[in-house]
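From first to last, the protein sequence lines stand for chains A, B and C. Residue numbers for the first sequence follow our numbering, so the first one is 100 and each next one is one higher. Residue numbers for the second sequence follow our numbering, so the first one is 495 and each next one is one higher. Residue numbers for the third sequence follow our numbering, so the first one is 8 and each next one is one higher.
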Amino acid sequence: MITLEQKNFEEIEKMTKGYNRLLVLGCETCAAMSFAGGQRQVAELASAIRVARKTSGEQGEVLEEAIARQCEPEFVDLIKDDVAGCDAVLSLACGAGVQLLAERFPDKVILPGCNTLFLGVTEELGVWSERCAGCGNCILDKTAGLCPIARCAKQLLNGPCGGSMNGKCEISKDVDCVWQLIIDRLDRLNRLEMLEEIFPVKDWSPAGHGGPRKMIREDLKL
Amino acid sequence: MKSGSNLERLLESGQFAVTAEAGPPKGSSPKVVQRKGELLKLCCDALNVTDNQTAIVRMSSLSGCVLLKEMGMEPVLQMVVRDRNRLALQSDILGAAALGIRNVLCLSGDHQKFGNHPTAKGVYDIDSIQFIQMVKTMRDEHKFLNGEEISGDVPFFIGAAANPFADPFEFRVTRLAKKANAGADFIQTQGIFDMPKFIEWMKMVRDRGLDEKTHILAGLIPIKSVGMARYMRNNVSGLSVPKEIVDRMADAKEPKEEGVKICLETIEQLKEVDGIHGIHIMAVAWEDIVSRIVEEAGLMPRPVV
Amino acid sequence: MYDNNPVNAMEHPPCRVACPILTDVREYVQLIAERTFKEAYASIRKLNPLPRVCGRICTHPCETACKRGQVDEPIAIAALKRFASDGPWKGRYEADVPDKSTGHKVAVVGSGPAGLAAAHDLAILGHRITIFEALPVLGGMLRMGVPAYRLPKDVVDEEIQAILDLGVEVKTGVRIGEEINFTDLSEQGYKAVFVAIGAHKDQKLGIAGENEFEGVVSAVSFLRAVNQGQNPKTGKKVAVIGGGNTAVDSARCLLRMGAETVHIVYRRSGDEMPAAKEEIEEAVHEGVQIAYLTSPLEILGQNGKVSALKLMKNELGEPDASGRRSPKPVPGSEFTLDVDMVIAAIGQAPDSSFVADKLELTERKKRIIVKGPYTLVTTQPGVFAGGDAVTGPATVVEAISAGKRAAISIDLYLRGEPLPTIEPAEEVKREKLSPALVEKTRNFARCGKISLPAEDRLKGFDEVDAVLSEDLATKEALRCLHCFLGARIDKEKCISCLTCVRVCPLGIPTTNKMGEITIDPFACQACGMCVLECPVWAIDISLNFRSKIALEIEQVISRSQQAEPMIVGFFDLHGNFRSTDVKSLRQDYPNILPVMVFGLRRIDTCDILKAFESGADGVVLAGCPPDTDPFPETADRVKRRIAHARTLLDALGIDGARLEVCDMPEKGIVDKELIDGLIQRIKEPVQASSE
């Protein structure tokens with residue numbers, strides 16, 4: 100899933116200031132699973148903004164709404180009346196959702212309530228970590244199913260660097276050295292010889308360095 | 495001869511080499527580099543110029559190399575992949591060749607998080623091993639990474655780093671092999687304090703015949719104070735500083751003297767290790783001690799080949 | 008109104024399913040836990056016209072079925088019923104009797120629990136009821152059978168009076184078949200008759216000597232005499248034959264009447280003995296001896312009086328038709344017991360001879376045959392029958408159930424509507440709780456009984472057990488595991504985020520491969536953790552559901568009058584406090600607006616913000632002391648949630664110190680110093696700069 104976090108309240112408060120009728124819009128897929136944009140977080144944030152406005156004497160109404168995914172035009176279009184009736188939308192979706200709102204509602208102020216972080220897994224409730232960098236050219240078959248692009252601080256393809264100590268990355272004792280993990284796993288699979296080969300330089304163009312990415316499936320297109 | 499550098503000639507002739515490190519200043523004055531050059535001129539065969547070491551912005555390595563070269567010294571151009579993509583790396587290699595630089599040390603670089611611009615975007619387009627391979631191809635095949643022809647020669651003696659003290663230990667030799675296979679002509683290791691571990695590593699290196707594929711220069715870091723010893727023991731990832739070293743520094747009446755003593759003892763032990771072709775002294779902010787160490791280690795005068 | 012349809016055991020708690028009158032046990036237990044005792048009483052009384060009787064002598068099948076019984080011991084439901092029904096708050100029960108009578112007259116024959124229940128329900132339906140009772144006093148077995156130490160006579164009097172106050176007419180000393188017959192009733196305008204004459208005729212032992220000697224007495228007549236204060240002649244060494252409650256009651260009465268030794272002689276083992284377990288225990292405690300696996304062979308006598316009882320030992324053979332293992336005599340095991348009195352208590356049959364010509368009876372025990380166990384119609388149109396007269400000796404709650412069923416049938420009959428055909432509910436085998444769940448469920452000891460010491464009991468017929476104290480009752484009610492009141496998932500809203508699966512302290516939600524979440528509504532204990540954490544609000548709960556808490560916040564604020572500073576207080580019902588503590592809190596701190604909840608874990612950041620949004624100046628959350636928290640493992644999470652709320656409050660310009668969280672004191676609802684501190688902080692906030 101896409102992991103995101105709500106921006107801190109001060110930033111949101113500043114951003115939303117002056118928009119009399121503010122719609123807080125949740126996104127009930129990744130954002131909800133990240134506890135950043137589900138109905139509950141919408142209610143909490145809307146309530147917080149109302150209390151803050153009351154305290155500072157600012158006028159205005161804070162509305163609440165949520166849709167299944169803000170990255171789908173059909174869902175977005177379902178709330179066009181709600182959007183029409185407000186001065187700004189505070190989107191609790193990832194950057195994709197925010198931008199689709201902006202596209203569908205060209206005359207409306209759309210504000211991001213969240214920071215989009217990464218593609219990750221839930222380690223446990225309340226703990227997520229990055230697993231995929233969306234590089235467009237998966238190499239997990241060669242790295243024991245562990246991605247050095249997403250998980251090595253230096254994206255080394257021929258790691259580990261000299262900073263790997265006790266299985267941890269030099270940048271933090273809380274970060275695993277993915278190359279240590281790769282080596283351990285290949286050792287367990289009896290495939291350590293795979294690492295003798297020098298991994299060639301990577302083609303970064305599918306990773307977005309070739310320009311904004313687009314995927315078209317001719318067989319599916321309308 | 496691949497590059498014709500002094501370092502290459504010395505090592506190829508089987509002599510014991512001595513290199514040292516000189517960090518460029520956090521400023522534009524050439525004098526700092528020149529002063530370090532003067533200090534180290536007579537006691538080493540080539541002088542490494544670091545590349546934004548520990549991710550702290552300094553004068554560029556290439557400029558430092560040129561300043562040293564103008565003084566008649568032989569520089570080793572350190573380059574990290576952290577700050578440059580494949581285009582910038584290749585263009586700087588060509589530029590360095592044009593300016594007469596003949597040694598290059600290909601590194602990953604310390605992560606930007608540790609430096610003075612921790613919010614910077616790291617590049618890491620290619621890694622250090624791919625970098626070695628790229629320079630080798632430029633030199634031997636006159637080809638860019640994309641396969642296009644390079645006009646003119648790219649004569650570099652290619653170096654790489656090795657850290658026998660990082661984890662996983664067993665894989666460190668494999669990684670050295672990869673660097674040697676990629677084209678590393680010489681290796682400068684991390685500073686050695688943990689001699690038993692180094693000896694064990696060297697045995698594995700010899701078992702794979704790597705000491706014959708590449709010239710290994712053992713790294714040395716003279717310790718100036720107990721604080722420095724402690725800091726290295728506790729805070730520097732990839733360094734192994736045994737407790738005895740810290741204790742010796744702590745108990746010493748004259749810590750600097752003790753530091754020199756430790757360094758000299760280490761060199762004596764290294765001379766007994768098969769496959770070591772030289773030493774590399776990294777006297778960070780203590781460059782004036784290098785000549786004394788080289789002298790007292792009996793490695794003066796430096797040979798001319 | 009009472010619904011005589013069997014309830015679906017997959018949707019209702021086992022206590023309710025097990026109750027013959029489908030008492031909403033869970034509801035009143037919860038109301039007791041909420042310290043709303045008057046409401047608890049009303050909940051009981053609306054279905055049960057004899058709550059104080061049932062609180063004492065009900066055999067409480069609800070307790071046997073109780074889920075907590077799988078964990079440690081069942082909730083002491085009967086004791087809670089008595090607590091709720093005996094308390095001073097019960098007042099006068101205000102039944103909803105229609106102003107206008109239907110004009111239909113109904114005769115209820117017999118004034119035992121079945122007759123009383125029918126009379127009660129029919130009176131509430133607006134019919135005119137006359138109870139015909141053969142004896143001079145009302146109550147049937149409640150008065151004549153159950154001894155006063157178990158059921159004081161004034162309790163029976165009061166409960167009956169409340170029923171009579173509904174306008175029920177009474178004719179005592181009138182035996183149907185002798186003084187009056189069915190035809191007379193019909194001529195007098197009675198449109199329907201409910202025959203609930205009970206089973207007052209003891210069965211004979213059928214052994215030699217039974218009819219020869221003085222000192223052989225039937226249990227029913229013995230108990231009747233005792234209960235009427237007639238002080239019947241009692242032997243010194245007595246054997247009571249039989250294993251039912253009548254036998255045990257007789258034995259315990261005998262001890263109180265001066266008998267020196269009392270033996271209960273029962274032919275099977277303790278496991279098969281039909282009397283209530285606690286009655287047997289009390290009897291043994293008082294000194295009754297029980298000879299299990301023993302059958303009487305012959306009563307021996309001297310000078311026309313009983314002198315001994317010849318007995319024989321049994322062993323258990325194959326199970327019989329009732330499923331109990333039948334006793335088989337052990338050859339050569341005969342022995343004699345010196346006794347001067349023998350009481351026969353081997354079962355009672357109805358005295359039904361007077362209706363034999365009108366109604367169909369069973370052959371051997373002469374019980375009245377009804378055509379449907381729910382409708383209670385007999386072979387005679389307009390005549391209905393129920394209670395012990397139909398079933399043979401049974402429990403008080405079964406009799407009440409029969410009375411209530413009869414009331415429904417009679418009402419339909421009188422209105423000319425067809426009687427429904429009701430199929431008995433299929434017995435549902437409820438899954439046993441998994442060992443893991445049992446392991447994770449925190450144990451809380453069942454409340455003990457407060458009883459008279461054995462030596463004091465035997466001095467007379469004072470009631471043995473005392474009513475629970477308020478402290479004990481609330482504590483006991485809080486043991487309830489809230490079957491079917493827990494989390495329910497809205498599958499349309501669920502996004503399969505698995506939060507519920509992860510957050511549940513008991514591991515109850517499960518997922519399949521497609522992310523479809525299942526929450527076992529029986530196993531769930533309604534802690535509410537998943538309800539709050541669910542990011543899309545796909546889960547709600549019946550116990551303190553989300554909108555109820557939100558609504559209560561609104562209500563307390565809108566109702567508040569003098570609130571300076573206005574503080575919303577969330578109080579955990581699991582604390583050690585009394586209803587009077589809540590009252591004095593309201594008096595001492597009229598500015599604190601209490602919202603009572605089952606655990607602070609039910610309070611969301613949204614609720615806290617809601618309170619501030621609605622105008623509160625502060626919020627206090629008082630959690631129960633850790634030793635009373637059924638889910639102590641959630642305490643840390645709750646603390647972190649509140650810390651998050653506090654950070655948010657700070658960020659939005661309200662001093663986070665206006666949110667106070669604390670544990671309740673060992674006793675009482677709140678620590679005054681702490682509250683005063685909060686009020687102080689709100690009144691005089693710490694200034695950012697001190698110029």
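All C-beta atoms in this analysis are idealised placements derived from N, C-alpha and C, irrespective of residue type, glycine included. Quantities reported herein were computed from a predicted structural model and do not represent experimental measurements.
(request) To the nearest angstrom, report how far apart residue 788(B) and residue 689(B) are at their CA atoms. (result) 19 angstroms
(request) Could you tell me which residues DSSP pairs with residue 351(C) in its beta bridges? (result) 225(C) and 248(C)
(message) I need the straight-line Cα distance from residue 133(A) to residue 274(A), nearest angstrom please.
(response) 20 angstroms
(request) Verify the CB distance criterion: does residue 548(B) have a CB-CB separation below 9 angstroms to chain A? (result) no
(message) Within 10 Å of its beta-carbon, does residue 211(A) have 16 or more other beta-carbons around it, so buried, or fewer, so exposed?
(response) buried
(request) Kindly give me the distance between the Cβ atoms of residue 661(B) and residue 265(A), rounded to whole angstroms, as I take these residues to be in contact under 8 angstroms. (result) 6 angstroms
(request) Select from the segment 261–282 of chain A all residues with a C-beta closer than 7 angstroms to any C-beta belonging to chain B, and list them in chain order. (result) 261, 262, 263, 264, 265, 266, 269, 270, 279 and 282
(message) Does the structure place the segment 562–578 of chain C close enough to the segment 539–551 of chain C that three or more beta carbon pairs sit under 8 angstroms?
(response) no
(request) Report the residues of the segment 503–526 of chain C with a CB closer than 7 angstroms to any CB of chain A, ordered along the chain. (result) 504, 506, 509 and 510
(request) Compare the C-beta of residue 138(A) against all C-beta atoms of chain B and say whether one is closer than 9 angstroms. (result) no
(request) Compute the minimum distance between the beta carbon of residue 271(A) and the heavy atoms of the ligand GTP, and state whether it is under 8 angstroms. (result) The model on display carries no ligand, and the ligand GTP is accordingly not part of it.
(message) Does the structure place the segment 375–387 of chain C close enough to the segment 220–230 of chain C that three or more beta carbon pairs sit under 8 angstroms?
(response) no
(request) Would you mind giving the Cβ-Cβ distance between residue 206(C) and residue 357(C), rounded to the nearest angstrom? I have them listed as a contact below 8 angstroms. (result) 5 angstroms
(message) Is it buried or exposed, residue 236(A), if we count other Cβ atoms within 10 angstroms and call 16 or more buried?
(response) exposed
(message) Quick check on residue 420(C): does DSSP put it in helix, strand or coil?
(response) helix
(message) Using the Cβ count rule (16 or more neighbours within 10 Å means buried), how would you classify residue 135(A)?
(response) buried
(message) Please confirm whether residue 576(B) has its beta-carbon closer than 9 angstroms to some beta-carbon of chain A.
(response) yes
(message) Rounded to whole angstroms, what is the Cα-Cα separation between residue 490(C) and residue 194(A)?
(response) 44 angstroms
(request) Please name the residue, chosen from 121(C), 33(C) and 49(C), that lies closest to residue 405(C) on a Cα-to-Cα basis. (result) 121(C)
(request) Give a yes or no on whether the C-beta atoms belonging to residue 616(C) and residue 649(C) are separated by under 9 angstroms. (result) no
(request) Could you tell me the distance, in whole angstroms, from the CA atom of residue 301(A) to the CA atom of residue 218(A)? (result) 20 angstroms
(request) Determine the DSSP secondary structure at residue 116(C), reduced to helix, strand or coil. (result) strand
(message) Between the alpha carbons of residue 713(B) and residue 139(A), how many angstroms are there, rounded?
(response) 58 angstroms
(message) Taking contact to mean 3 or more Cβ pairs, one atom from each stretch, closer than 8 angstroms, check whether the segment 662–681 of chain B and the segment 614–627 of chain B are in contact.
(response) yes
(message) For chain B, check one thing: does any of its Cβ atoms lie closer than 9 angstroms to the Cβ of residue 257(A)?
(response) yes
(message) If we define contact as Cβ-Cβ less than 9 angstroms, is residue 145(A) a contact residue for chain B?
(response) no
(request) Mind the definition here: the segment 113–133 of chain C touches the segment 195–204 of chain C only if three or more C-beta pairs lie below 8 angstroms; say whether that holds. (result) yes
(request) Using a Cβ cut-off of 9 angstroms (strictly closer), state whether residue 116(A) contacts chain B. (result) no
(request) Over the uninterrupted alpha helix (DSSP H) stretch that includes residue 531(B), give me the two end residues. (result) 524–534
(message) Going by DSSP, what residue range makes up the beta strand (DSSP E) through residue 386(C)?
(response) Element bounds for residue 386(C): n/a, residue is neither H nor E.
(request) Confirm, please, whether the CB-CB distance from residue 183(C) to residue 139(C) is below 9 angstroms. (result) yes
(message) Looking at the strands, I want to know which residues DSSP matches up with residue 64(C).
(response) Looking at the DSSP assignment, residue 64(C) forms no beta bridge with any residue, so it has no partner.
(message) Between which residues of its own chain and residue 614(B) is the CB-CB distance below 6 angstroms, once the five residues before and five after are set aside?
(response) 606
(request) Whole angstroms is fine: what's the gap from residue 655(C)'s alpha carbon to residue 663(C)'s? (result) 8 angstroms
(request) Return the chain-ordered list of same chain residues with a C-beta closer than 6 angstroms to the C-beta of residue 576(C), the five sequence neighbours on each side being excluded. (result) 599, 601 and 627
(request) Output, in sequence order along the chain, the residues in the segment 50–66 of chain C whose CB is closer than 7 angstroms to any CB in chain A. (result) none
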